[in-house]
Each structure stands twice: as C-alpha cells, then as structure tokens.
Amino acid sequence: NEQSDTVAAMGIGAMIVFIALILVAAVASAVIIQTAEKLQQNAQTTGDQTQDQMASKVMPLSIIINGANLRMTWELAPGSESIAFNLIAWSITCDANAPDAGTLAGSAAVSTNGGAGPALAGQQYQVTLTLANCAATANENHVLTLAAGNSGFTYEVLSYGSSTASGTVVV
Numbered sequence: 026n027e028q029s030d031t032v033a034a035m036g037i038g039a040m041i042v043f044i045a046l047i048l049v050a051a052v053a054s055a056v057i058i059q060t061a062e063k064l065q066q067n068a069q070t071t072g073d074q075t076q077d078q079m080a081s082k083v084m085p086l087s088i089i090i091n092g093a094n095l096r097m098t099w100e101l102a103p104g105s106e107s108i109a110f111n112l113i114a115w116s117i118t119c120d121a122n123a124p125d126a127g128t129l130a131g132s133a134a135v136s137t138n139g140g141a142g143p144a145l146a147g148q149q150y151q152v153t154l155t156l157a158n159c160a161a162t163a164n165e166n167h168v169l170t171l172a173a174g175n176s177g178f179t180y181e182v183l184s185y186g187s188s189t190a191s192g193t194v195v196v
C-alpha cells in the first residue's frame, strides 16, 4: 500500500517559494545599495565641481571711469582660497572692437596692510584696468569677465550712461 504524502510535497513547495523570496530580496537590496552609492558619488562630484568653481571667485565692488581707463575695487568671495594677482585674468568686450584684457597683477590693498602677497578673502583691492580698444563710450554697455585661475568666473555689465567723465560709476 503506497500512500501519497501530500504534506511533505507542500513543505518542499513552501521551501522553494521561501528560497525564491530570499533571492529576490537579496537582488533588490543589492540594486538599492548600488543606486544609493551611485547617487552619493554623483552628489560628491557635483559638490567638488561647485567648490572648484567657487574656490577663488572675484567680486567687483565698484568700477569708476578714471580718465581713459577704469578703476576697479574688488575682493574675493567669502570662503575663497588665496590666489596670486597675476592668476586673475580680466577682459572687457565691446561691440565694435577687439576686447581689452589683462591680469590683476597691479592690484593694491585698499587698507594699509600692504598688498604685495596673494589676494586674500575679506581684503579689498584696487586696480586700474587699461583700456585700448573698448574705451568708455556714452550710452553703451560692455561686458567685464573675471577669471580666477581655473576657478570661478564673474560677469559684470559695465553700463555707461550719458556721461563718461572721470569719476563716473559704471558698476
């Protein structure tokens, strides 16, 4: 007399389903962990890129007409790393002519603390921007671009009003 053991057959089926559920859960958790790691890496990369771009950003405080040139008072953005003046490049583009360009190598500290060393955050400096091609012209706008090494860029629109006399503020 052979009898069929249906209880054992159900137990093996339940064990197979249980093992399958464990495998599915393991694969799902691996995918979730991998996705979380990828998101963390992307966030870290984005943060590093932002920090690099803001590492030594130049902020113009005021720009006034100084004869045929411009006199700019500037400082580094808060939290910026120190940078040598000659590593900060500027250019002014205008409609009709080639751009004027140079570095902030001639900068001097506004206070009496000197200015021979690198630019430091929180310290104000002044420099003369020599214009050969983009002279201050009444009722025109020129674009000033400042680049601090391989770090951040600053764009400023120089708005010349009806007067281009010395002492006129353009920013």
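When we follow my numbering, the leftmost residue of the sequence shown carries the number 26, and every step to the right adds one.
Beta carbons are placed, not taken as given, at the ideal position from N, Cα and C, and that holds for glycine.
A straight-line Cα-Cα distance of about 23 Å links Ala-68 and Pro-103. Within the same chain, Cβ atoms closer than 8 Å to the Cβ of Ala-163 are found at Tyr-185, Gly-186, Ser-187, Ser-188, Thr-189, the five residues on either side in sequence being excluded. The region 170-182 and the region 106-123 touch, with three or more beta-carbon pairs separated by less than 8 Å.
Checking the DSSP bridge columns, you'll see Gly-127 partnered with Trp-115. With fewer than 16 other CB atoms across the displayed protein chains lying within 10 angstroms of its CB, Gly-36 is exposed.
DSSP places Pro-143 outside any beta strand (DSSP E), giving it a letter other than H or E. An exposed status is given to Val-52, since fewer than 16 other beta-carbon atoms sit within 10 Å of its beta-carbon. The straight-line gap separating the alpha-carbon atoms of Phe-178 and Val-83 is approximately 8 Å. Note that the C-beta distance between Tyr-150 and Glu-106 is not below 8 Å. Beta-bridge annotation (DSSP): Phe-178 is paired with Ala-172. In terms of Cα proximity to Ser-132, the closest of Ala-121, Leu-145, Pro-143, Val-152 is Val-152.
DSSP links Pro-85 through a beta bridge to Trp-99.
DSSP places Leu-154 in the uninterrupted beta strand (DSSP E) bounded by 149-154. Asn-164 sits in coil when the DSSP states are folded into three classes, being neither helix nor strand. Look at Ser-184 here: in three-state DSSP terms it is strand. Scanning Ala-39, Ala-134, Ile-58, Gly-127 for the CA closest to the CA of Leu-95 turns up Gly-127.
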